[in-house]
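Chains as they are written, first to last, in full-length UniProt numbering: chain U, 1 to 349; chain X, 1 to 349. The C-beta atom is built at its ideal place from N, Cα and C for all residues, glycine as well. None of these values were measured; they are calculated from a predicted model. Below you'll find the structure, written out as structure tokens, and then a few comments.
2 protein chains.
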Amino acid sequence: MTEGPTITTIAQRAGVSIASVSRVLNGLPTREDTVRRVMRAADELGYVPNSVARSLRNRRTDQVAFAMADIGNPVYVAMVREIQPVLKEAGYRLLIHSTDGDAEDELGVLRGLRERYVDGLIISPLRGVTEEHVRAIVAARAPVVVIGALPEGMPEGAPVDNVRTDSRTGVRLALDHLHAIGRRRIGFLNGPLDTVPGAARAAAYREALEALGLPYDEDLVEVGDFYRDSGARAARALLSRAPGLDALMCANDLIALGALDVLREHGRDVPGDVAVVGMDDTDLASVTWPTLTSVSLGSAERGRAAATLLLDRLQNGPREPRVTVVRPSLTVRGSTAVPGPPGAAGDGR
Amino acid sequence: MTEGPTITTIAQRAGVSIASVSRVLNGLPTREDTVRRVMRAADELGYVPNSVARSLRNRRTDQVAFAMADIGNPVYVAMVREIQPVLKEAGYRLLIHSTDGDAEDELGVLRGLRERYVDGLIISPLRGVTEEHVRAIVAARAPVVVIGALPEGMPEGAPVDNVRTDSRTGVRLALDHLHAIGRRRIGFLNGPLDTVPGAARAAAYREALEALGLPYDEDLVEVGDFYRDSGARAARALLSRAPGLDALMCANDLIALGALDVLREHGRDVPGDVAVVGMDDTDLASVTWPTLTSVSLGSAERGRAAATLLLDRLQNGPREPRVTVVRPSLTVRGSTAVPGPPGAAGDGR
DNA sequence: TTGTACGCGTTATCAT
DNA sequence: ATGATAACGCGTACAA
């Protein structure tokens, strides 16, 4: 089992020095004859440059990593889908880290940057950016783009850009819509409060209610995880506690799926009896029945923006941190399609 | 902006040679005192080994790549989801390549192995493994696991393992089921015939019909792409050509989604008028309405098997090629739930 | 036990 | 234009 050819092999075969080989291979000005001999030898040997050696020398890996909680979540899939082509186009390979939303794991990824196995990182920390995160980012000396909230006091010249959405407005869009179609008892199925989205959406829900002049009722709120089965559990709990609710605001689409399951199993008509709104506007929203009205937080746009920002730093060097905010929008579908008040449609199905 | 510390930096600070530093860092027997001084210096400097240099020296990158057509496809997401933890556990990082199913792109990935930027590769070639693929694999000298069909005559000692499913049996399961619930005019919405799954499913469809004593009718077959909108187009075409069909076999779940859209828009009851079966049994299948009966081809299992096989080669060196076959199974859901013959339920909805 | 010296495969500098 | 040579950071035979 012979080892692969190196520039040394080529040099011997072509009867020139390795320096010449390197020059030819990198297209530097070289005598015609030398070029031919080197190319020929390289060809015959099937030479391919060793990317590791090149990385060591060039101090760059041409690799970028994306770290998120769970690649099974359609939101992150949407991001990866946008990130990948942008990076690929620029000649970067993409590494994937699933952290399960574990803060320790996230920190591990950030600290790992010091190993220099990637040139940059896009990370979406589920539980927020702590002091330690910040320290790791600064220590990394590699550009990082954070998708999500970034704390106020970032140190001077930290190589961080930030892409965020405005879930506050997102929730507001949803509640305004529900209010406009006549719903007044709007339940809320949220994710964990110690996650960034969970906390933000909780606050936004209260705010939006207030703005609409609706009372905040603890009994209308249930907290679970950002998954379908958890959403179902939460919906069941909520329905038994507050059977009179006429709408459900869900903190993401997966939770909304669970809610739809439960409503169907309880024979409650959607949207006749209960209107449902999801969040993230994933591919799933257009698949359910009824199709799911959902607040888009621009996952794809955020992914693309993050990749673009990172690329800019990678290619053009340090600069002041930038923040890109992606505006949410509401996509109205079947689950809120009936403007009439509850009770208009028959119950059961 | 100082550069990061290296073993040389540590050696100076600790007043020892770089060899000692390396030894301590790698846990080789060293005098107590030396250990302390080195550790202390490393600590103070916040030393982290450079993974690139280490890779060059050790001739291994601790990276593995997974190449598939489209990370947007739930099938591949399911695979990644299984592959990731297996590799992570073993200390490998995961690289993702989306090839768009382009054969040139796939070949590029395979050839890229010679750059030695990964230690191994899992690839799922959409259009099959050609002569050129095989050559690239052999030339790569890095272990490769192919998810999907592998040609018969692989060269001796090629470092390839293979994970496949049996879509023939899968289709058979579906048609048997449809036949059992009384369907006789079973349409088929397939993907491109020049893809491996497309070709296999086309053949399997004919075979299964024959085994059931049903005639093969060209008019009942429509070919498109493996996407939802394409599935919808195909379904429309098929319905206008063969309005009398009482079941639809779809070559994957996305196509089935499109078919469900069209059936609903045509006011055909599912499964009353037309029963529908999908393939891949993705997360989507349990979300649609009615929920989608689907043939599981064990995406998760295939992913896990592939990762395990690759890992074995990575850790235990060369061995004879192995093949793992994952058996398909049928998950019956709402879209075929009504055993009665067509016409039993009212039309419209 | 410790240090010296070399190699991993490239690129880039500096003489020639 | 070309060749010898020095890095890049790490690991390890070998000698001391």
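Segment limits, beta strand (DSSP E) that includes residue i
i: X/S335; result: Counting along the chain, X/S335 falls outside any beta strand (DSSP E), and DSSP gives it neither H nor E.
i: U/H266; result: Taken as a continuous stretch (DSSP letters only), U/H266 belongs to no beta strand (DSSP E), as it is neither H nor E.
i: residue 422 of chain U; result: The structure shown does not extend to residue 422 of chain U, since chain U is modelled only from 1 through 349, so no value can be given for it.
i: X/I186; result: I186 to N190
i: X/I96; result: R93 to S98
i: U/T195; result: Segment: none, U/T195 is in no beta strand (DSSP E) and carries neither H nor E.
i: X/V223; result: V221 to V223
Residue environment, residue i, which counts as buried when at least 16 other CB atoms sit within 10 Å
i: X/Q315; result: exposed
i: X/G334; result: buried
i: residue 354 of chain X; result: Residue 354 of chain X lies beyond the range of chain X shown here (1 to 349); nothing can be said about it.
i: X/G157; result: exposed
i: X/T336; result: buried
i: U/H282; result: Reading the sequence as shown, one finds Thr at residue 282 of chain U and not His. That one is buried.
i: U/A14; result: buried
i: X/A42; result: buried
i: X/Y117; result: buried
i: U/S98; result: buried
i: X/S240; result: exposed
i: U/A232; result: buried
i: X/A200; result: buried
i: U/N50; result: buried
i: U/G170; result: buried
i: U/G317; result: exposed
Separation of residue j from residue i, as counted between CA atoms
i: X/G27; j: X/V48; result: 15 Å
i: X/I186; j: X/L126; result: 26 Å
i: X/D62; j: U/R164; result: 33 Å
i: U/K88; j: U/A67; result: 17 Å
i: X/E265; j: X/G258; result: 11 Å
i: U/F226; j: U/V64; result: 27 Å
i: X/G128; j: X/D70; result: 15 Å
i: U/A149; j: X/N73; result: 29 Å
i: U/E132; j: U/L107; result: 8 Å
i: U/L309; j: X/Y216; result: 55 Å
i: X/D229; j: X/L254; result: 8 Å
Local conformation of residue i per DSSP, three classes
i: U/L110; result: helix
i: U/L173; result: helix
i: U/D161; result: strand
i: U/R59; result: coil
i: X/L212; result: helix
i: X/M1; result: Any reading at X/M1 is ruled out, since the residue's pLDDT is 45, under 50, leaving its predicted position unreliable.
i: U/V146; result: strand
i: X/S17; result: coil
i: U/A275; result: strand
i: U/T9; result: helix
i: X/L248; result: strand
i: U/V48; result: coil
i: U/E90; result: Strictly speaking, residue 90 of chain U in this sequence is Ala, with Glu absent from that position. Note: U/A90 maps to coil in three-state DSSP.
i: U/E152; result: coil
i: X/A345; result: Interpretation of X/A345 is limited by its pLDDT of 40, a score under 50 that renders its predicted location unreliable; the figure taken from the coordinates is listed afterwards. If DSSP states are grouped into helix, strand and coil, X/A345 belongs with coil.
i: U/E320; result: coil
i: U/V24; result: helix
i: X/V287; result: coil
i: U/I181; result: coil
Beta-carbon gap between residue i and residue j smaller than 8 Å
i: U/R172; j: U/A208; result: yes
i: X/G278; j: X/L292; result: yes
i: U/I96; j: X/Q84; result: yes
i: X/S20; j: X/T30; result: yes
i: X/A237; j: X/E218; result: no
i: X/H177; j: X/V332; result: yes
i: U/L45; j: U/T9; result: yes
i: U/V262; j: U/A285; result: no
i: U/V38; j: U/V24; result: yes
i: U/V295; j: U/L330; result: yes
i: X/P328; j: X/G298; result: yes
Span of the alpha helix (DSSP H), counted from its first residue to its last, around residue i
i: U/I71; result: That residue, U/I71, is in no alpha helix (DSSP H); it is neither H nor E in DSSP.
i: X/S296; result: First-last for X/S296: T293 to S296, but that is the beta strand (DSSP E), not the alpha helix (DSSP H).
i: X/L238; result: R228 to R241
i: U/E301; result: S299 to N316
i: X/E115; result: Taken as a continuous stretch (DSSP letters only), X/E115 belongs to no alpha helix (DSSP H), as it is neither H nor E.
i: U/G134; result: What sits at residue 134 of chain U in the sequence shown is Val, not Gly. Unbroken alpha helix (DSSP H) run through U/V134: E131 to A140.
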